[in-house]
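*Asks:* Pasting in a structure now, in structure tokens, and then I'll have a few things to ask.
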Amino acid sequence: MKKTRHVLGISGGKDSAALAIYMKTKYPSIDLEFYSCDTGKELDETYQLIKNLEVYLGIKINLLLATRETSEADPFDHFLTLHGGYLPSATARWCTKTLKLDPFEKYVGNDPVVSYVGIRGDEEREGYISTKKNIQSIFPFRKNIWSEDVIAKVLSNQNLDKVMPMFSNVYWGRNKEKFEALISKKIDTSFTLKHKLNAILDTDIKGFNHLVFQFLKTTEYPLAMENDFALLDNEDILIKSDIFKILEESGVGVPEYYKKIKFEVNGKMGEYARSRSGCYFCFYQQKIEWVWLYEQHPDLFNKALEYEKTGYSWSEEALGDLIKPERIQQIKEDYIKKTEKNAQKKSSLLIDILEDDDAGCASCFI
Ligand code: SF4
1084 MKKTRHVLGI SGGKDSAALA IYMKTKYPSI DLEFYSCDTG KELDETYQLI
1134 KNLEVYLGIK INLLLATRET SEADPFDHFL TLHGGYLPSA TARWCTKTLK
1184 LDPFEKYVGN DPVVSYVGIR GDEEREGYIS TKKNIQSIFP FRKNIWSEDV
1234 IAKVLSNQNL DKVMPMFSNV YWGRNKEKFE ALISKKIDTS FTLKHKLNAI
1284 LDTDIKGFNH LVFQFLKTTE YPLAMENDFA LLDNEDILIK SDIFKILEES
1334 GVGVPEYYKK IKFEVNGKMG EYARSRSGCY FCFYQQKIEW VWLYEQHPDL
1384 FNKALEYEKT GYSWSEEALG DLIKPERIQQ IKEDYIKKTE KNAQKKSSLL
1434 IDILEDDDAG CASCFI
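Residue numbering for the sequence shown follows the working numbering, beginning at 1084 and increasing consecutively.
Here it is as structure tokens:
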């Protein structure tokens, strides 16, 4: 029988970097493999972050390329040619699948794999992750470490007969009766799967994790082959500020592009930065981030502009129009207004004001 592999993908973003540090220091007994899917179009800061992590953690991060290493073109350019110059977009996102998911799935092959994903406890999303049966995703930063599919099975009305007898194998302490009542309560329109899950997690995270692990033993999920799983007793919930703390305190550092830079427009001061990792031309960028790229990395902006010569553009507004002086001024003014509005509600961290990682996918930006 094949041994279960434990893998952690580094996207170049803050969350996956912090997850690597967290897992390696808190769970050194897990034999983790690290990888990063290289599109060839990342910012230099991303490659620097990978080097910093390798040095700090004493690990090797496998760089996965969607093309052969001997190929002359970067992976992105290679596949762009195959797509007839058709630039990817949020609705035709061939890049994530081709450059991130496919190399990852090739790397793990048919081996049973537990894949650790850095979605935080303050995020409401599952991310764009592999759906291959031999790959099981785990989310260590969240209250619920399990993936949607596992939760749907464990808590389904149909599986109640299977799950209830597993109670005797789990230590419940004083929460047993409350927990048993919750687990045995059937899901319906007034008590949804989400309600049930939240109520259970509010009652006993550890107990629930142990119950899920018992359930997995009756399935073909990769964790079914493990005798134990170190994260079953984990009750940590990590949010954005924890991520910055981990990166700063470890000495690995926060990638430079997250650091805010001041600008002035019509006598008003503002601050901008990039909110995510990924390709420098990523179409998920907000307009203010394109302006940041134009002003802070003009060489990269010009390269992004070059791609639009194919007749396609990265967003609904062509880059050539976006950098007209009056348009830049407008974008900055709008951004300052948005910032001021948000600042009343939120903390002063720029990363809170930019939309952060809400759009996009777990493969590219975590
Ligand atoms: S970062 Fe953006 S452009 Fe690059 S692969 Fe991911 S979605 Fe595509």
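Glycine included, each C-beta is placed from N, C-alpha and C at the ideal position.
What are the start and end residues of the beta strand (DSSP E) that includes residue 1219?
*Replies:* The sequence position of residue 1219 within the sequence shown is 136, counting from 1. Residues 1218-1221.
*Asks:* In its own chain, which residues sit with a C-beta less than 7 Å from the C-beta of residue 1329, not counting the 5 before and 5 after it?
*Replies:* On the sequence shown, residue 1329 is found 246 positions in, with the first residue counted as 1. Result list for residue 1329: 1101, 1104, 1105, in chain order.
*Asks:* Taking Cβ positions, are residue 1168 and residue 1099 nearer each other than 9 Å?
*Replies:* Sequence index remark: in the sequence shown, residue 1168 carries index 85 (1-based). Sequence index remark: in the sequence shown, residue 1099 carries index 16 (1-based). No, these two residues do not count as a Cβ contact at 9 Å.
*Asks:* Suppose you measure from the CA of residue 1450 to the CA of residue 1125; what does that come to, to the nearest Å?
*Replies:* Given a span of 1084 to 1449 for the chain in the structure shown, any question on residue 1450 remains unanswerable.
*Asks:* Please return the same chain residues whose Cβ sits closer than 8 Å to the Cβ of residue 1403, not counting the five positions on each side in sequence.
*Replies:* Taking the sequence shown and counting its residues from 1, one reaches residue 1403 at position 320. Same-chain partners within the cutoff: 1388, 1391.
*Asks:* Just to confirm before moving on: does the CB-CB distance between residue 1415 and residue 1346 stay below 9 Å?
*Replies:* Numbered from 1 along the sequence shown, position 332 holds the residue referred to as residue 1415. Numbered from 1 along the sequence shown, position 263 holds the residue referred to as residue 1346. Yes.
*Asks:* What is the DSSP secondary structure of residue 1431, reduced to helix, strand or coil?
*Replies:* Numbered from 1 along the sequence shown, position 348 holds the residue referred to as residue 1431. Only weak support is given to the placement of residue 1431: the predicted model assigns it a pLDDT of 43, under 50, and the value that follows is read from those uncertain coordinates. Correct three-state label for residue 1431: coil.
*Asks:* Beta carbon of residue 1122, beta carbon of residue 1157: below 9 Å?
*Replies:* On the sequence shown, position 39 is the one that residue 1122 refers to. On the sequence shown, position 74 is the one that residue 1157 refers to. For residue 1122 and residue 1157, yes; Cβs fall inside 9 Å.
*Asks:* Please state if the CB of residue 1162 and the CB of residue 1181 are separated by a distance shorter than 9 Å.
*Replies:* Residue numbering aside, residue 1181 sits at position 98 when the sequence shown is read from its first letter. Residue numbering aside, residue 1162 sits at position 79 when the sequence shown is read from its first letter. Cβ distance < 9 Å, so residue 1181 and residue 1162 count as in contact.
*Asks:* Taking residue 1397 as the reference, give the member of 1420, 1407, 1369 with the closest Cα.
*Replies:* The count along the sequence shown starts at 1 and reaches residue 1397 at position 314. Closest by alpha carbon: 1369.
*Asks:* Which of the three DSSP states is assigned to residue 1344 in this structure?
*Replies:* Position 261 of the sequence shown, counted from the first residue, corresponds to residue 1344. Strand.
*Asks:* Going by alpha carbons, who is nearest to residue 1093 out of 1142, 1214, 1112?
*Replies:* Here residue 1093 corresponds to residue number 10 of the sequence shown, with the count starting at 1. Nearest C-alpha to residue 1093: 1142.
*Asks:* Quick one, which of 1374, 1350, 1135, 1308 has its alpha-carbon nearest residue 1333's?
*Replies:* Position 250 of the sequence shown, counting from 1, holds the residue named residue 1333. Comparing Cα-Cα distances from residue 1333 to each of 1374, 1350, 1135, 1308, the minimum goes to 1135.
*Asks:* Which value, in whole angstroms, describes the spacing of the CA atoms of residue 1319 and residue 1187?
*Replies:* Reading the sequence shown from its first residue, position 236 is the one you call residue 1319. Reading the sequence shown from its first residue, position 104 is the one you call residue 1187. Whole-angstrom Cα-Cα distance: 28 Å.
*Asks:* Would residue 1327 and residue 1097 be called neighbours here (beta carbons separated by less than 9 Å)?
*Replies:* For this step, residue 1327 is matched to residue 244 along the sequence shown. For this step, residue 1097 is matched to residue 14 along the sequence shown. Yes.
*Asks:* Please identify the residue among 1348, 1375, 1366 whose C-alpha is closest to the C-alpha of residue 1357.
*Replies:* As a working mapping, residue 1357 is identified with position 274 in the sequence shown. Of 1348, 1375, 1366, the residue nearest in Cα terms is 1375.
*Asks:* Looking at the secondary structure, which residues open and close the alpha helix (DSSP H) in which residue 1377 lies?
*Replies:* Indexing the sequence shown from 1 puts residue 1377 at position 294. Residues 1370-1379.
*Asks:* Kindly examine the ligand SF4 and report whether one of its heavy atoms sits closer than 8 Å to the Cβ of residue 1199.
*Replies:* The residue labelled residue 1199 in the question sits at position 116 within the sequence shown. Checking every heavy atom of the ligand SF4 against the Cβ of residue 1199, none is found closer than 8 Å.
*Asks:* Is residue 1171 near the ligand SF4, going by C-beta to nearest heavy atom under 8 Å?
*Replies:* Working through the sequence shown from its first residue, we reach residue 1171 at position 88. Yes; taking the cut-off as 8 Å, the Cβ of residue 1171 has a heavy atom of the ligand SF4 nearer than that.
*Asks:* Confirm, please, whether the CB-CB distance from residue 1223 to residue 1087 is below 9 Å.
*Replies:* On the sequence shown, residue 1087 is found 4 positions in, with the first residue counted as 1. On the sequence shown, residue 1223 is found 140 positions in, with the first residue counted as 1. Their beta carbons are not under 9 Å apart, which means residue 1087 does not touch residue 1223 by this criterion.
*Asks:* I'd like the list of long-range same chain contacts for residue 1091, defined as Cβ closer than 8 Å, with 5 residues on each side in sequence excluded.
*Replies:* Sequence index remark: in the sequence shown, residue 1091 carries index 8 (1-based). Around residue 1091: 1099, 1102, 1103, 1106, 1115, 1116, 1117, 1118, 1198, 1199.
*Asks:* Classify residue 1292 as buried or exposed, calling it buried when 16 or more other Cβ atoms lie within 10 Å of its own Cβ.
*Replies:* For the purposes of this step, residue 1292 is identified with residue 209 of the sequence shown, where counting begins at 1. The residue in question, residue 1292, is buried, as its Cβ has 16 or more Cβ neighbours within 10 Å.
*Asks:* Buried or exposed for residue 1252, going by 16 or more other Cβ atoms inside 10 Å?
*Replies:* Start at 1 with the first residue of the sequence shown, and residue 1252 comes out as number 169. Exposed.
*Asks:* Within the chosen definition, does the segment 1254-1272 reach the segment 1282-1300 through at least 3 CB pairs nearer than 8 Å?
*Replies:* Output reads yes: the segment 1282-1300 touches the segment 1254-1272.
*Asks:* Ignoring anything shorter than 3 residues or poking outside the segment 1168-1237, list the beta strand (DSSP E) runs there in chain order.
*Replies:* Within the segment 1168-1237, the complete beta strand (DSSP E) runs of at least 3 residues are 1196-1199, 1218-1221.
*Asks:* Identify, in the order they occur along the chain, each residue of the same chain with its Cβ nearer than 6 Å to the Cβ of residue 1384, setting aside the five sequence neighbours on each side.
*Replies:* Here residue 1384 is taken as the residue at index 301 of the sequence shown, counted from 1. Once the five neighbours on either side are set aside, the close Cβ partners of residue 1384 are 1376, 1377.
*Asks:* In terms of alpha-carbon separation, which member of 1266, 1236, 1120, 1309 lies closest to residue 1149?
*Replies:* For the purposes of this step, residue 1149 is taken as the residue at position 66 of the sequence shown. Comparing Cα-Cα distances from residue 1149 to each of 1266, 1236, 1120, 1309, the minimum goes to 1120.
*Asks:* At which residues does the beta strand (DSSP E) containing residue 1145 begin and terminate?
*Replies:* Here residue 1145 is taken as the residue at index 62 of the sequence shown, counted from 1. 1144-1148 is the span of the beta strand (DSSP E), which, as asked, contains residue 1145.
*Asks:* On the CB-based measure, 16 or more other CB atoms within 10 Å of its CB, does residue 1299 come out buried or exposed?
*Replies:* On the sequence shown, position 216 is the one that residue 1299 refers to. Buried, because 16 or more other Cβ atoms sit within 10 Å of the Cβ of residue 1299.
*Asks:* With 16 other CB atoms within 10 Å as the buried threshold, where does residue 1138 fall?
*Replies:* What you label residue 1138 is simply residue 55 of the sequence shown in a count that begins at 1. Classification of residue 1138: exposed, given that the 10 Å Cβ count is below 16.
*Asks:* Could you spell out where the beta strand (DSSP E) holding residue 1350 opens and where it closes?
*Replies:* Sequence index remark: in the sequence shown, residue 1350 carries index 267 (1-based). Taken as a continuous stretch (DSSP letters only), residue 1350 belongs to no beta strand (DSSP E), as it is neither H nor E.
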